[in-house]
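Trainee: If you read the sequence shown in the working numbering, its first letter stands for residue 1, the second for the next number, and so on. Cβ atoms here follow ideal geometry from the backbone N, Cα and C, with glycine treated the same way. My questions will all concern the structure given below.
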Amino acid sequence: MAISVKIPEKIAEYIKKPYDKYINETLMVELYREGLFTLRQAAEILGVDLNEIFDILAKRKTYINYGMEELNEDISYARS
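This is the structure in structure tokens:
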């Protein structure tokens, strides 16, 4: 799905290129912070591995939310 968003010029000056990557990362970090996605889901959606998602979160000063859902997901992944 493609969504068109009008970004004020004053904000656009601060957005890093490539714009789509920066905006997708920003959106995913915020959705992760809100608990809507797990680490693995966030990495998968952005098309990066877990090490890269950790780097993205660290760069944006985001704490890692590691709860039962993530633990169960990691156990399932390890068993497969």
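Check Ser76 in the structure and name its three-state DSSP category.
Mentor: In the sequence shown, counting from the first residue as 1, residue 76 sits at position 76. Helix.
Trainee: Less than 8 Å between the beta carbons of Ile64 and Leu71, yes or no?
Mentor: Position 64 of the sequence shown, counting from 1, holds the residue named residue 64. Position 71 of the sequence shown, counting from 1, holds the residue named residue 71. Cβ atoms of Ile64 and Leu71: not closer than 8 Å.
Trainee: Within 10 Å of its beta-carbon, does Ile53 have 16 or more other beta-carbons around it, so buried, or fewer, so exposed?
Mentor: What you label residue 53 is simply residue 53 of the sequence shown in a count that begins at 1. Buried is the call here.
Trainee: Could you tell me the alpha carbon to alpha carbon distance between Gln41 and Tyr19, rounded to whole angstroms?
Mentor: The count along the sequence shown starts at 1 and reaches residue 41 at position 41. The count along the sequence shown starts at 1 and reaches residue 19 at position 19. Their Cα atoms are separated by approximately 22 Å.
Trainee: Rounded to the nearest angstrom, how far is the Cβ of Leu39 from that of Leu50, given a contact under 8 Å?
Mentor: Here the question's residue 39 lines up with position 39 in the sequence shown. Here the question's residue 50 lines up with position 50 in the sequence shown. At roughly 7 Å, the Cβ-Cβ gap stays under 8 Å, so Leu39 and Leu50 are in contact.
Trainee: For Thr38, report the span of its alpha helix (DSSP H) as first-last.
Mentor: Taking the first residue of the sequence shown as position 1, residue 38 is located at position 38. Taken as a continuous stretch (DSSP letters only), Thr38 belongs to no alpha helix (DSSP H), as it is neither H nor E.
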